[in-house]
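Mapped onto my numbering, the consecutive letters of the sequence shown carry residue numbers 457 to 498.
From the three backbone atoms N, C-alpha and C, an ideal C-beta is built for every residue, glycine too.
A short write-up of the structure that comes next.
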Amino acid sequence: MNKSSYVKKYFILFHFDKICIRNKVINNNKHVKTEEMKLRNR
């Protein structure tokens with residue numbers, strides 16, 4: 457396996473991970489916000 461393809465693969469995986477993490481954080485924030493709204497509306 458030559459180095460450049462290895463690095464490329466690693467870079468893509470790393471980038472994908474970052475996107476997944478960011479989406480998870482955004483979804484968690486949305487969830488928290490909706491929970492807060494529910495509490496306020498009670």
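Separation of residue j from residue i, as counted between CA atoms
i: N484; j: S461; result: 35 Å
i: M493; j: R478; result: 23 Å
i: V463; j: C476; result: 20 Å
i: E491; j: I482; result: 14 Å
i: H487; j: L495; result: 12 Å
i: L469; j: R498; result: 44 Å
i: K458; j: K480; result: The sequence shown places Asn at residue 458, rather than the Lys named in the question. Each residue's Cα considered, the two are about 34 Å apart.
Reduced DSSP secondary structure (H/G/I, E/B, other) of residue i
i: R496; result: helix
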